[in-house]
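The structure appears below as structure tokens.
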Amino acid sequence: MLDKPETKTTVEEQFEPRIITFLCKWCSSAGSDLAGVSRMEYPANVVPITVMCSGGISPVYILSAFNKGADGILVSGCHPGDCHYIKGNYYARRKIYLVQKLIEFVGLEPERFKMSWISAAEGAKFTKVITDFVEEIRPLGPQEKLKVDRR
Amino acid sequence: MIDIKDLRKQARELLDNEDVKYVLGFQKGTATFMSTPAFITEAADTENLVWDPTCVHNLALYLTEERKMRVARKETEGKPVGIVAKGCDSRAIVVLLQENYFKRQDVHIIGVSCEGTGVLDENKLNRLLKGKAPLNAEFDGVGHFLVATKDGDVKIPANEILADRCLECRAPYPAEHDTVYGEKVDGGRLDPFHSLEALEASAVGDKWDFWKEQMDKCLRCYACRSVCPMCYCEECVVDSITFMVTPDTLPGQKANRIKWIERSNNTSENFGYHLVRAIHLAGRCIDCGECQRVCPVDIPVRLLNKKLEKEAFEMFDYEPGTDSEAPSLVSSFLDEDPNDHIL
Chain H
391 MLDKPETKTT VEEQFEPRII TFLCKWCSSA GSDLAGVSRM EYPANVVPIT VMCSGGISPV
451 YILSAFNKGA DGILVSGCHP GDCHYIKGNY YARRKIYLVQ KLIEFVGLEP ERFKMSWISA
511 AEGAKFTKVI TDFVEEIRPL GPQEKLKVDR R
Chain B
333 MIDIKDLRKQ ARELLDNEDV KYVLGFQKGT ATFMSTPAFI TEAADTENLV WDPTCVHNLA
393 LYLTEERKMR VARKETEGKP VGIVAKGCDS RAIVVLLQEN YFKRQDVHII GVSCEGTGVL
453 DENKLNRLLK GKAPLNAEFD GVGHFLVATK DGDVKIPANE ILADRCLECR APYPAEHDTV
513 YGEKVDGGRL DPFHSLEALE ASAVGDKWDF WKEQMDKCLR CYACRSVCPM CYCEECVVDS
573 ITFMVTPDTL PGQKANRIKW IERSNNTSEN FGYHLVRAIH LAGRCIDCGE CQRVCPVDIP
633 VRLLNKKLEK EAFEMFDYEP GTDSEAPSLV SSFLDEDPND HIL
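What follows is the structure, encoded as structure tokens:
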């Protein structure tokens, strides 16, 4: 029998959080595109989901993502006044605020759920938000509180 | 003090003149000394009406049931329903009017003021009496209840047996009414958000431990949903009826029948149910505390709704159940809404 070749890892394996981002089609999604075509570097931990408007994001999406094991969730929309649908992002601002307060109240780390305004021209802001978010989530470890246990 | 005779007379007049279809009120309970809801159709039965601190139910629930029955019978016109409404019931009616669930002329509100007391919490009472069955409870007008039991009267401070929601009530006087009985009073005995203080101050981990223990108890009996006057949706996100997955659902169809929240009873799904319910009630919950009262496993459901009520009040200056013309909390916004939570 052959001995398995010894593998030595020089770099300590670190936890890679999985982050779900809900990006509005008109601004944030285009912003992430800009980051891509400009060859900006940002962590590959992001699962982008394009939605038509940040105002259309139901709190159920958020809970469902946590249920399926998201370590962090970012909701991103157009800056106030820039909404393609005039006022969708204002509705989102209220709704997301309430959801943030509620999940914090039940004991989920508030850092895990964020919201940002990213315009189509802000590729650099997108990479910064994502990089910071990943670095903030990493020390928290995997999100196991709201993840469904299918064992 | 409200003279029950006035209330009965008013109900009798409404029925005699055929102004209302029936009167929703409270009657003496048969199982315990707590009152039960009464549906009074005959003028003679108005003698059964009672009004005392055991009238805990939120009768606005039956207005939504009435509306559903009307829709099922395809009635467009009908006589209004008379309802005996406390402060919280009246707020519930205002929210239902605000949502255009029924019209103002569909309901005749006989307001009753709680006059600085409120209703009793049966759990608290049973705990204090240590198993002795209460026969009657009377407020002495200052700060105590005289609870009659078989072994004589017990004097209990009001703050110890009143329901939490009554202690924290901000509007014990029914603002929306056709006729009203009792004195106009403001505010409860405690700070409106008193029950949240301890939990809000605790650490993230402690909050989680507390809620996990509570949510793991949940049986998913949906009693909280059934009793809630605001949970009137024909179909609930947690148990879809139209798009049910049955043994003969084809795999392709299954993929399209998204289930946001499963029925299975585990921590994550229970949290999902309760959090979604809390969000649905944001800016609509008028804190009648019925969800918590009916919970068979004593989950403090009310706290979740209270938390959102607090946030709505402090950040958006929104108080549910005060104005039937105002837009609802999540269907409106202000330019000066908080922006600090956004990167």
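Residue numbers (my numbering), protein chains in the order written: chain H, 391 to 541; chain B, 333 to 675.
Idealized CB from N, CA, C, for every residue including glycine.
About 4 Å separates the Cβ atoms of Ser506 of chain H and Leu675 of chain B, confirming a contact at the 8 Å cut-off.
Interface annotation for the stretch 462–492 of chain H against chain B: Pro470, Lys477, Tyr480, Tyr481, Arg483, Arg484, Lys485, Ile486, Tyr487, Leu488, Val489, Gln490, Lys491 and Leu492, criterion Cβ-Cβ distance under 8 Å. Contact check between the stretch 603–619 of chain B and the stretch 552–562 of chain B: three or more CB pairs, one atom from each, fall below 8 Å, which counts as touching. Contact fails between the stretch 631–638 of chain B and the stretch 451–467 of chain H, because fewer than three Cβ pairs, one in each stretch, are under 8 Å apart.
The count of Cβ pairs closer than 8 Å, one atom from the stretch 492–511 of chain B and one from the stretch 435–443 of chain B, reaches three, so the stretches are in contact. Counting only the Cα atoms, Glu601 of chain B lies some 36 Å from Leu356 of chain B. Judged by pairs of C-beta atoms under 8 Å, the stretch 590–600 of chain B does not touch the stretch 482–492 of chain H, as fewer than three such pairs exist. Secondary structure at His673 of chain B: coil, using DSSP grouped into helix, strand and coil. In the structure shown, Cys414 of chain H falls within a strand segment according to DSSP collapsed to helix, strand and coil. Residues of the stretch 592–611 of chain B with a Cβ closer than 9 Å to any Cβ of chain H, in chain order: Trp592, Ile593, Glu594, Ser596, Asn598, Thr599, Ser600, Glu601, Phe603, Gly604, His606, Leu607, Val608, Ala610 and Ile611. Contact note: Ser509 of chain H does not reach chain B at a C-beta cutoff of 9 Å; the least C-beta distance is about 13 Å.
Here the stretch 333–345 of chain B does not lie against the stretch 431–441 of chain B, with fewer than 3 beta-carbon pairs under 8 Å apart. Annotation for Lys341 of chain B: the continuous alpha helix (DSSP H) segment containing it runs Ile336 to Asp348.
For chain B, the residues of the stretch 434–458 of chain H that bring a beta carbon within less than 7 Å of one of its beta carbons are Pro449, Val450, Leu453, Ser454 and Asn457, in chain order.
For Val538 of chain H, the nearest CB of chain B lies under 8 Å from its own CB, placing it at the interface with that chain.
When only Cα atoms are considered, Ile372 of chain B and Val439 of chain B end up about 15 Å apart.
Inter-residue distance for Phe525 of chain B and Glu641 of chain B is about 9 Å (C-alpha atoms, whole angstroms). Residue pairing by DSSP places Ile409 of chain H opposite H:Val436 and H:Gly462 in a beta bridge. For Met505 of chain H, the uninterrupted beta strand (DSSP E) run begins and ends at Phe503 to Trp507, by DSSP. For Gln546 of chain B, the secondary structure class from DSSP, reduced to helix, strand or coil, is helix.
At a cut-off of 8 Å, the C-beta of Lys504 of chain H has a neighbouring C-beta in chain B. Not a single C-beta of chain H is nearer than 8 Å to the C-beta of Leu460 of chain B. The Cβ atoms of Thr517 of chain H and Glu406 of chain H lie no closer than 8 Å to each other. Against chain B, the CB of Val524 of chain H has no partner CB under 8 Å away; the residue lies outside that interface. Per DSSP, the beta bridge partners of His476 of chain B are B:Pro489.
Beta-bridge analysis with DSSP links Phe358 of chain B to B:Pro369.
Think of a sphere of 7 Å around the beta carbon of Glu529 of chain B: no beta carbon from chain H falls inside it, the nearest being about 12 Å out. Gln437 of chain B sits exposed, since fewer than 16 C-beta atoms from the chains shown fall within 10 Å of its C-beta.
In this structure, DSSP gives Thr378 of chain B a helical state, which the three-state scheme calls helix. Taken atom to atom, the span from the alpha-carbon of Leu395 of chain B to that of Val413 of chain B is near 8 Å. The DSSP-derived three-state label of Thr481 of chain B is strand. Relative to Glu526 of chain H, the option among H:Lys504, H:Ala510 and H:Lys535 whose CA is nearest is H:Lys504. Residue-level contact by beta carbon fails for Glu512 of chain H and chain B, as no gap is shorter than 8 Å. Chain B places a beta carbon closer than 8 Å to that of Lys535 of chain H, counting this residue as a contact. Per DSSP, Gly410 of chain B lies in no alpha helix (DSSP H) segment and is marked neither H nor E. Across the stretch 630–657 of chain B, CB contacts with chain H closer than 9 Å involve Leu635, Leu636, Lys639, Leu640, Lys642, Glu643, Ala644, Met647 and Phe648, in sequence order along the chain.
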